[in-house]
Amino acid sequence: MARFTLPRDIYYGPGAISELKNLKGHKKAFVVTGGSSMKRGGFLQKVEDTLKEAGMEVQLFEGVEPDPSIETVFKGAKAMEEFGPDLIVAIGGGSPLDAAKAMWVFYEYPEKTFDDIKDPFTMPQLRKKAIFAAIPSTSGTASEVTAFSVITDYSTLIKYPLADFEITPDIAILDTDIPLTMPKKLTAHTGMDALTHAIEAYVATARSGFSDPLAIQAISDIYDSLVDSYNGDVEARGKMHIAQCLAGMAFSNALLGIAHSLAHKTGAEFEIPHGCCNAILLPYVIQYNSKVCMDRYATIAKAIGLPGNTDKQLVNALVDSIRELNRRLNIAPTYKENGVSEEKFKEKLDFIAENAVGDPCTGSNPRPIDVENMKKVLSCAYYGEDVTF
Numbered sequence: 001m002a003r004f005t006l007p008r009d010i011y012y013g014p015g016a017i018s019e020l021k022n023l024k025g026h027k028k029a030f031v032v033t034g035g036s037s038m039k040r041g042g043f044l045q046k047v048e049d050t051l052k053e054a055g056m057e058v059q060l061f062e063g064v065e066p067d068p069s070i071e072t073v074f075k076g077a078k079a080m081e082e083f084g085p086d087l088i089v090a091i092g093g094g095s096p097l098d099a100a101k102a103m104w105v106f107y108e109y110p111e112k113t114f115d116d117i118k119d120p121f122t123m124p125q126l127r128k129k130a131i132f133a134a135i136p137s138t139s140g141t142a143s144e145v146t147a148f149s150v151i152t153d154y155s156t157l158i159k160y161p162l163a164d165f166e167i168t169p170d171i172a173i174l175d176t177d178i179p180l181t182m183p184k185k186l187t188a189h190t191g192m193d194a195l196t197h198a199i200e201a202y203v204a205t206a207r208s209g210f211s212d213p214l215a216i217q218a219i220s221d222i223y224d225s226l227v228d229s230y231n232g233d234v235e236a237r238g239k240m241h242i243a244q245c246l247a248g249m250a251f252s253n254a255l256l257g258i259a260h261s262l263a264h265k266t267g268a269e270f271e272i273p274h275g276c277c278n279a280i281l282l283p284y285v286i287q288y289n290s291k292v293c294m295d296r297y298a299t300i301a302k303a304i305g306l307p308g309n310t311d312k313q314l315v316n317a318l319v320d321s322i323r324e325l326n327r328r329l330n331i332a333p334t335y336k337e338n339g340v341s342e343e344k345f346k347e348k349l350d351f352i353a354e355n356a357v358g359d360p361c362t363g364s365n366p367r368p369i370d371v372e373n374m375k376k377v378l379s380c381a382y383y384g385e386d387v388t389f
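Here the numbering used here is used: the first residue of the sequence shown is 1, the next is one more, and so on.
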């Protein structure tokens with residue numbers, strides 16, 4: 001038996017934050033956010049005002065850092081426990097949404113430790129104290145519709161992708177006014193994260209007839225709109241916001257692969273944003289996996305109109321198109337060109353490869369991989385050499 005899980009309600013379009021007014025009957029709302037961008041744009045105030053208009057007492061938890069830490073999660077959970085909300089609202093990029101999901105678990109189960117939940121699908125049943133609404137500000141992580149939360153242990157520099165359908169939000173609000181505020185570099189990185197989500201979902205071992213159409217539609221829409229979105233086109237920004245959500249629905253159920261396994265481990269070690277890591281890795285991972293699922297990648301290439309008479313030609317065209325997309329988004333194609341010294345790379349290679357093999361995303365990669373081959377894939381992504389093994 002398989003399972004396919006989505007939020008119960010998804011509100012989308014300009015001004016969609018106002019749909020929070022439909023949550024009447026709740027008494028206390030705990031709002032989690034990151035930096036000051038949501039405040040500067042007036043979106044945080046709009047959330048607070050709408051919740052109060054619906055009759056709720058509101059408490060804010062601000063300042064969630066990029067790549068949220070275990071310490072921030074427990075700090076937020078303690079604040080939730082003191083306030084006692086029956087509604088949790090997270091607004092911002094993937095970091096505050098992911099942090100709020102983990103806070104939610106420890107709010108409902110304060111006796112739990114991080115070790116109790118870090119293995120996939122080990123979380124207890126939630127919604128005994130509160131439901132969860134997510135409002136994304138970036139067009140990439142799709143945390144508003146996924147069963148995932150990425151939390152960083154800064155003592156080891158390891159990112160843990162928590163995974164359980166329990167933390168799939170109840171409500172997702174895709175207000176397409178919000179991503180208009182994204183800077184260009186963030187637009188590029190989050191967009192390539194979304195593309196990686198969709199492509200990995202389409203070839204992942206847990207893919208299904210439910211996830212495949214979502215993944216293909218997301219890939220097509222991202223190819224249509226990402227460069228224009230990067231260049232500031234308003235309509236393209238809105239289309240990307242929906243496309244990344246489609247990708248999220250796909251990968252939350254189909255799961256991911258080793259591009260994400262390596263991105264989780266290299267991001268913290270090399271201090272490179274997660275989406276940028278995925279942009280670097282994706283062509284090399286496609287080359288590695290194509291040994292076992294060339295036809296799936298060829299189908300993607302056909303769907304976006306790439307040339308080729310054979311599956312191999314189509315896969316090569318897909319790899320080339322992703323490299324060209326990175327170029328148009330001003331993303332350097334290798335770790336070396338993104339400023340990682342050869343000395344540091346060699347020092348961390350074994351550690352990263354070993355931890356990437358143990359990452360939850362590795363289990364759903366279409367082609368099995370061991371530490372030695374993981375090192376080879378990462379080395380190709382560092383030096384810019386094609387994967388031929």
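Just so it is clear, CB atoms sit at the ideal spot from N, CA and C, and this is done for glycine as well.
Beta-carbon contacts of residue i that lie in its chain and below 7 angstroms, excluding the five residues immediately before and after
| i | result |
| --- | --- |
| residue 364 | 204, 205, 206, 255, 256 and 257 |
| residue 378 | 262, 349, 352 and 353 |
| residue 70 | 114, 151 and 153 |
| residue 35 | none |
| residue 106 | 73, 74, 77 and 112 |
| residue 259 | 196, 200, 278, 281, 282 and 285 |
Separation of residue j from residue i, as counted between CA atoms
| i | j | result |
| --- | --- | --- |
| residue 5 | residue 253 | 7 angstroms |
| residue 249 | residue 142 | 8 angstroms |
| residue 222 | residue 198 | 9 angstroms |
| residue 179 | residue 241 | 7 angstroms |
| residue 37 | residue 93 | 10 angstroms |
| residue 294 | residue 52 | 53 angstroms |
| residue 58 | residue 76 | 15 angstroms |
| residue 273 | residue 189 | 7 angstroms |
| residue 215 | residue 246 | 7 angstroms |
| residue 322 | residue 17 | 34 angstroms |
| residue 325 | residue 56 | 45 angstroms |
| residue 305 | residue 227 | 16 angstroms |
| residue 239 | residue 181 | 15 angstroms |
| residue 315 | residue 287 | 8 angstroms |
| residue 144 | residue 224 | 23 angstroms |
| residue 374 | residue 359 | 12 angstroms |
| residue 376 | residue 362 | 15 angstroms |
When the options are compared against residue i, the one with the closest alpha-carbon
| i | options | result |
| --- | --- | --- |
| residue 130 | 184, 25 and 191 | 25 |
| residue 386 | 141, 284, 70 and 8 | 284 |
| residue 184 | 383, 12, 355 and 328 | 328 |
| residue 170 | 116, 369, 20 and 300 | 20 |
| residue 85 | 40, 30 and 132 | 30 |
| residue 168 | 8, 2 and 355 | 8 |
| residue 381 | 360, 282 and 125 | 282 |
| residue 289 | 46, 366 and 68 | 366 |
| residue 212 | 296, 82 and 48 | 296 |
Contact check, residue i vs residue j, beta carbons under 7 angstroms
| i | j | result |
| --- | --- | --- |
| residue 96 | residue 64 | yes |
| residue 340 | residue 353 | no |
| residue 332 | residue 265 | no |
| residue 118 | residue 160 | yes |
| residue 383 | residue 174 | no |
| residue 120 | residue 163 | yes |
| residue 104 | residue 132 | yes |
Cβ of residue i within 7 angstroms of any chain B Cβ
| i | result |
| --- | --- |
| residue 108 | The displayed structure is made up of one protein chain only, and chain B is not part of it. |
Buried or exposed (CB count within 10 angstroms, at least 16 for buried), residue i
| i | result |
| --- | --- |
| residue 307 | exposed |
| residue 309 | exposed |
| residue 346 | exposed |
| residue 2 | exposed |
Own chain partners of residue i with C-beta closer than 6 angstroms, once the 5 adjacent residues on each side are dropped
| i | result |
| --- | --- |
| residue 90 | 32, 96, 97, 100 and 134 |
| residue 79 | 61 |
| residue 267 | 274 and 277 |
| residue 244 | 139, 140, 142 and 194 |
Sequence-distant residues of the same chain with beta carbon closer than 8 angstroms to residue i, five excluded per side
| i | result |
| --- | --- |
| residue 300 | 199, 202, 216, 219 and 318 |
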